[in-house]
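Please read the structure below before turning to the comments.
Protein chains: 2
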Amino acid sequence: MKRNILTVGRQFGSGGRTIAKTVAERLGIPYYDKEIVEKVALETGFSEEYIEQIGEHARGKSVWSYAFSNPGVPGVMGGMSASDFLWVIQRKVILDLAEKGPCVIVGRCADQILKDREDVLRVFIHASDEFRAERIVRLYGESESKPEKRLADKDAKRRAHYKHYTGEEWGNSLNYHLCLDSGVIGIEKCAEYIVSVMKDE
Amino acid sequence: MKRNILTVGRQFGSGGRTIAKTVAERLGIPYYDKEIVEKVALETGFSEEYIEQIGEHARGKSVWSYAFSNPGVPGVMGGMSASDFLWVIQRKVILDLAEKGPCVIVGRCADQILKDREDVLRVFIHASDEFRAERIVRLYGESESKPEKRLADKDAKRRAHYKHYTGEEWGNSLNYHLCLDSGVIGIEKCAEYIVSVMKDE
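Same order as they appear, the protein sequences are chains U and X.
Mapping of the first sequence onto the working numbering: residues 1 to 201, in sequence order.
Mapping of the second sequence onto the working numbering: residues 1001 to 1201, in sequence order.
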């Protein structure tokens, strides 16, 4: 069966985003990333920076903490955390985008949000710490934290966020159709395999 | 980097064994299955049937329970369970086979036993319950238990065995280089991808 929609979960620094973009280009279908942030910003009134920051990370932080530091925010929902509020809106945005037609969506628990659709291919990309540490320093530069710590922190946040909102273990192979170690298989080859499965060649 | 050794973990009924055999044939390298059981039988004095039965399943069962019902067994180890005893011997057999040269090994926690070798490709094959239920009834016939129960029982045993002896979660994508849903990707296509990665084409 041909798949129309690709979701890509990924460890930080594994090249999942690059692979997802490459697949979208080769299949000639939209790659949603910035669009999701823009749509969520439009619906919530949150800034795009804030959505980027907590969209896959935070949980349980009170929406008041945002509202107090950003007084212009409309429609604060009593008692709901900013993260829960974002989850509700982001989930709706992703369901709507999938309805529009073939596309590629990275992260944001899209694999679980769209799990009832039979035309979705769910992929997870990961790699060794060594491969990812070298890659993030090369692409994003040095920072105060050691690369290994940056990887561990970001992965821990994604894992906690995924568990909190889906109840599932992030990176459990049973939740994906294809899990690839991009360090061993190669980023280009990962894209090739995914394109081949999407096309059902 | 070219990989010499392939380990294949698999859910019951997913076609992992078929895929492993196909890859071994195409690469012209040995596929170890019966040989492991024979070697373990030779080293332990256990019957091949008994090894097949508990080699990937049981844990903690006292070696005495075997010895009492099979009075000829030599060298019973005081207090060690039959399963622990088998683990020690089976692990050594797998390490020795890997030393001999390129090969394919299915199950038996070989991925973890050989994890320090850099020439090993670790693969996990899984599929939906529907796909596997249809397949086991077609291949192995009906039994008293419903197919869904047979799948759940066997997977639970493999998961517990893997956790007990390796400390790792069975099917966690981070422990494998390639995890494939054989129902979605297709058994033939799974074999093709694995051959391609092994050859580093």
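Each residue gets a CB set at the ideal place from its N, CA and C atoms; glycine is no exception.
Remember, predicted model here, so these are calculated numbers, not experimental data.
Cβ-based burial, E56(U) [other Cβ within 10 Å; buried from 16]
As a position in the first sequence, residue 56(U) is number 56, starting the count at 1. The residue is buried, with at least 16 neighbouring Cβ atoms inside 10 Å.
Could you have a look at Y66(U) and say whether DSSP puts it in helix, strand or coil?
Within the first sequence, numbered from 1, the residue matching residue 66(U) stands at position 66. In this prediction, Y66(U) has a pLDDT of 48, which is less than 50 and means its spatial position is unreliable; nothing more can be read from the coordinates.
Beta-carbon within less than 7 Å of S14(U)'s beta-carbon, same chain only, minus the 5 sequence neighbours each way: which residues are those?
Along the first sequence, one-based indexing puts residue 14(U) at 14. Counting only Cβ-Cβ distances below 7 Å, and skipping sequence neighbours, we find I125, H126, A127, R132, S182.
Does any residue of chain U bring its CB to less than 8 Å from the CB of I1187(X)?
By one-based count along the second sequence, residue 1187(X) stands at place 187. Answer no: the Cβ-Cβ gap between I1187(X) and chain U never drops below 8 Å.
Quick one: residues in its chain with C-beta nearer than 6 Å to the C-beta of Y32(U), no 5 flanking neighbours on either side, listed in chain order?
Start at 1 with the first residue of the first sequence, and residue 32(U) comes out as number 32. Taken in chain order, the residues that qualify are L97, C103, I105.
Taking the alpha-carbon of K189(U) as reference, which of A20(U), Q11(U), T7(U) has the nearest alpha-carbon?
To locate residue 189(U), count along the first sequence from 1; it is residue 189. Of the listed residues, the one whose Cα sits closest to K189(U) is A20(U).
Would you please state the rounded distance, in angstroms, between the beta carbons of R1122(X) and H1164(X)? I believe it to be under 8 Å.
Position 122 of the second sequence holds residue 1122(X). Position 164 of the second sequence holds residue 1164(X). Not really, about 19 Å apart at Cβ, beyond 8 Å.
Please tell me whether V23(U) and V184(U) are closer than 8 Å, where the distance is taken between their beta carbons.
Taking the first residue of the first sequence as 1, we reach residue 23(U) at position 23. Taking the first residue of the first sequence as 1, we reach residue 184(U) at position 184. No, the pair does not count as a contact, with Cβ atoms beyond the cut-off.
Minimum C-alpha distance to K1157(X) - residue among K1034(X), I1113(X), Q1011(X)
Indexing the second sequence from 1 puts residue 1157(X) at position 157. Here the closest residue by C-alpha is Q1011(X).
Taking DSSP's pairing of strands, which residues face R1010(X) in a bridge?
If you number the second sequence from 1, residue 1010(X) lands on position 10. Paired residue(s): I1125(X).
Alpha-carbon spacing of L1114(X) relative to V1120(X), whole angstroms
As a working mapping, residue 1114(X) is identified with position 114 in the second sequence. As a working mapping, residue 1120(X) is identified with position 120 in the second sequence. Those two C-alpha atoms are separated by around 7 Å.
Which ranges would you report for the beta strand (DSSP E) in the region 111-165 of chain U if only whole runs of at least 3 residues count?
120-126
Between the region 82-92 of chain U and the region 43-50 of chain U, are three or more C-beta pairs nearer than 8 Å?
yes
Chain-ordered residues of the region 161-177 of chain U with a beta carbon less than 8 Å from chain X:
E169, G171, N172, S173, L174, Y176, H177
Using the beta-carbon count (16 or more within 10 Å), is G107(U) buried or exposed?
The count along the first sequence starts at 1 and reaches residue 107(U) at position 107. Burial call: buried.
Straight-line gap, N175(U) to E192(U) (C-alpha atoms, nearest Å)
Here residue 175(U) is taken as the residue at index 175 of the first sequence, counted from 1. Here residue 192(U) is taken as the residue at index 192 of the first sequence, counted from 1. Those two C-alpha atoms are separated by around 21 Å.
Burial state of R1138(X) (16 or more Cβ within 10 Å)
The sequence position of residue 1138(X) within the second sequence is 138, counting from 1. Label assigned to R1138(X): exposed.
Give me whichever residues DSSP pairs with C179(U) in a beta bridge.
Mapped onto the first sequence, residue 179(U) falls at position 179. In the DSSP output, where bridge partners are listed per residue, C179(U) has F124(U), C1179(X).
Ends of the beta strand (DSSP E) at I1105(X)?
In the second sequence, the residue the question calls residue 1105(X) occupies position 105. Where I1105(X) is concerned, the enclosing beta strand (DSSP E) stretches over 1103-1106.
For Y1140(X), count the other beta carbons within 10 Å of its own beta carbon; 16 or more makes it buried, fewer makes it exposed. Which is it?
Position 140 of the second sequence, counting from 1, holds the residue named residue 1140(X). Result: exposed.
What is the residue span of the alpha helix (DSSP H) that K1092(X) lies within?
Residue numbering aside, residue 1092(X) sits at position 92 when the second sequence is read from its first letter. Here the alpha helix (DSSP H) through K1092(X) covers 1082-1100.
Considering only residues of the same chain and omitting the five flanking positions on each side of F1068(X), which have a CB-CB separation below 7 Å?
Counting from one through the second sequence, the residue named residue 1068(X) turns up at place 68. Residue confidence for F1068(X) is low, a pLDDT of 48 falling below 50, so the modelled location carries little weight; the figure read from the coordinates is stated next. Counting only Cβ-Cβ distances below 7 Å, and skipping sequence neighbours, we find nothing.
Per DSSP, N172(U) forms a beta bridge with which residues?
Residue numbering aside, residue 172(U) sits at position 172 when the first sequence is read from its first letter. In the DSSP output, where bridge partners are listed per residue, N172(U) has N1172(X).
Identify whether I1054(X) lies in helix, strand or coil by the three-state DSSP scheme.
By 1-based counting over the second sequence, the position of residue 1054(X) is 54. I1054(X) falls in the helix class under three-state DSSP.
Return yes when the Cβ of G1009(X) is within less than 8 Å of the Cβ of D1111(X), no when it is not.
The residue you call residue 1111(X) lines up with position 111 of the second sequence. The residue you call residue 1009(X) lines up with position 9 of the second sequence. Yes, they are a contact pair.
Check whether chain X comes within 8 Å of L139(U), counting only Cβ atoms and requiring the distance to be less than that.
On the first sequence, position 139 is the one that residue 139(U) refers to. Not an interface residue.
In chain X, what lies closer than 7 Å to L180(U) by C-beta?
Here residue 180(U) is taken as the residue at index 180 of the first sequence, counted from 1. Chain X residues near L180(U): L1178.
Examine chain X for any beta-carbon lying closer than 8 Å to the beta-carbon of F12(U), and answer yes or no.
As a first step, residue 12(U) must be located in the first sequence, where it is residue number 12. Answer no: the Cβ-Cβ gap between F12(U) and chain X never drops below 8 Å.
Determine the burial state of I5(U): buried for a count of at least 16 other Cβ atoms within 10 Å of its Cβ, exposed for fewer.
Locating residue 5(U) in the first sequence gives position 5, counting from the first residue. Buried, since its Cβ has 16 or more Cβ neighbours within 10 Å.
I'd like to check one pair, I1036(X) with S1083(X): are the Cβ atoms closer than 8 Å?
Here residue 1083(X) refers to the residue found at position 83 of the second sequence. Here residue 1036(X) refers to the residue found at position 36 of the second sequence. No, these two residues do not count as a Cβ contact at 8 Å.
Check the C-beta distance from G171(U) over to S1173(X) and give it rounded, since I have them as a contact under 8 Å.
By one-based count along the first sequence, residue 171(U) stands at place 171. By one-based count along the second sequence, residue 1173(X) stands at place 173. Right, their Cβ atoms sit about 5 Å apart.
Integer-rounded CB distance, given that R17(U) should sit under 8 Å from M198(U):
Looking up residue 198(U) in the first sequence gives position 198. Looking up residue 17(U) in the first sequence gives position 17. Actually they do not touch by this definition, with Cβ atoms about 17 Å apart.
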